[in-house]
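Q: For reference, the structure I am asking about is given below.
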Amino acid sequence: MANRSVVLDTETTGMPVTDGHRIIEIGCVELIGRRLTGRHFHVYLQPDRESDEGAIGVHGITNEFLVGKPRFAEVADEFFEFIQGAQLIIHNAAFDVGFINNEFALMGQHDRADITQHCTILDTLMMARERHPGQRNSLDALCKRYGVDNSGRELHGALLDSEILADVYLTMTGGQTSLSLAGNASDGNGTGEGSGNQATEIRRLPADRQPARIIRASESDLAEHAARLEAIAKSAGAPALWTQLAEAQAAAN
47 MANRSVVLDT
57 ETTGMPVTDG
67 HRIIEIGCVE
77 LIGRRLTGRH
87 FHVYLQPDRE
97 SDEGAIGVHG
107 ITNEFLVGKP
117 RFAEVADEFF
127 EFIQGAQLII
137 HNAAFDVGFI
147 NNEFALMGQH
157 DRADITQHCT
167 ILDTLMMARE
177 RHPGQRNSLD
187 ALCKRYGVDN
197 SGRELHGALL
207 DSEILADVYL
217 TMTGGQTSLS
227 LAGNASDGNG
237 TGEGSGNQAT
247 EIRRLPADRQ
257 PARIIRASES
267 DLAEHAARLE
277 AIAKSAGAPA
287 LWTQLAEAQA
297 AAN
């Protein structure tokens, strides 16, 4: 499907993969045309080995919690189907791609053991380093820089981190995530009538309808708006066009 991206994250028993470490959680969310569809893939995995204490301290996933969870081989086909043909958006992609390739290789599925043959990869860490050289570019740092709420991220988690990374990516690459003027929204699975970018017939409102209540921005709303404009300006290297126009108009008056 054109313009389909999958934001992906994994958690592991430790690192590096060459020391026999395994994936214990995979989280993915789907974007089509820069819009979150509501479709996601999420699973915890039994790695058949214990996690390092340091890794547990990062993600909080204990060995006991993983007892009885499926092994990668049990979900491999479903996972591959979800990511196949998509652009994978990953923060520090070399880490996650290396582990995913290793899991397929351990199954003997060597045709899938290099997912770059089936997907394109966009590394948001490399993108952030190019845009913000010499600065911290962890996911938490990018959330702070771009005004993305990560207050629920006390520990790393693959699905939560992929959801946060989707917000960071959309903000970092354009600010506005979507503008839908179509009729119905989809039912959240990306397959409904309103899930694509195709135009639909304009629905006109009756002239005698009850007027909508006007809710004006509060002081806190205005402050958050100003902070977001500042974040966009830092990302783009220049103020937003409407800010420049407002400043020019003020100077003319």
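Residues 47 to 299, numbered by the numbering used here, are exactly what the sequence shown covers, in order. Quick reminder that beta carbons are idealized off the backbone N, C-alpha and C, glycines included. This structure is a prediction, so every number in the text was calculated from the model and none was measured.
Quick check on DSSP: helix, strand or coil for R85?
A: It is a strand residue.
Q: CA-CA distance, A296 and I261?
A: One C-alpha to the other measures close to 26 Å.
Q: To the nearest angstrom, how far is the alpha carbon of A298 from that of Q163?
A: Their backbone Cα atoms lie some 56 Å apart in a straight line.
Q: By the DSSP assignment, the alpha helix (DSSP H) with L91 in it spans what residues?
A: Counting along the chain, L91 falls outside any alpha helix (DSSP H), and DSSP gives it neither H nor E.
Q: Between the stretch 87-106 and the stretch 136-143, are three or more C-beta pairs nearer than 8 Å?
A: No: the two stretches stay apart, fewer than three of their Cβ pairs being nearer than 8 Å.
Q: State buried or exposed for S184, treating a residue as buried only when at least 16 other CB atoms are found within 10 Å of its CB.
A: With fewer than 16 Cβ atoms within 10 Å of its Cβ, S184 is classed as exposed.
Q: Classify V89: buried if its beta carbon has 16 or more other beta carbons within 10 angstroms, exposed otherwise.
A: With 16 or more Cβ atoms within 10 Å of its Cβ, V89 is classed as buried.
Q: Buried or exposed: G220, going by 16 or more other Cβ atoms within 10 Å of its Cβ?
A: Looking at its Cβ environment, which holds fewer than 16 other Cβ atoms inside 10 Å, G220 is exposed.
Q: So, is F111 buried or exposed, given that buried needs 16 or more other C-beta atoms within 10 angstroms?
A: F111 should be labelled exposed.
Q: What did DSSP end up calling N235 once you bin it into helix, strand or coil?
A: Confidence at N235 is low in this model, with a pLDDT of 42, below 50, so the placement of that residue should be treated as unreliable; the coordinate-derived value is given next. Note: N235 maps to coil in three-state DSSP.
Q: Have a look at R274 and G193 and give me their C-alpha separation to the nearest angstrom.
A: Straight-line Cα distance between these residues: approximately 6 Å.
Q: May I ask you to verify whether the stretch 68-85 touches the stretch 167-179, counting CB pairs closer than 8 Å and requiring at least 3?
A: The stretch 68-85 is not in contact with the stretch 167-179.
Q: Fully enclosed by the stretch 164-219, which beta strand (DSSP E) runs are 3 residues long or longer?
A: For the stretch 164-219, whole beta strand (DSSP E) runs of length 3 or above, ordered along the chain, are 166-169.
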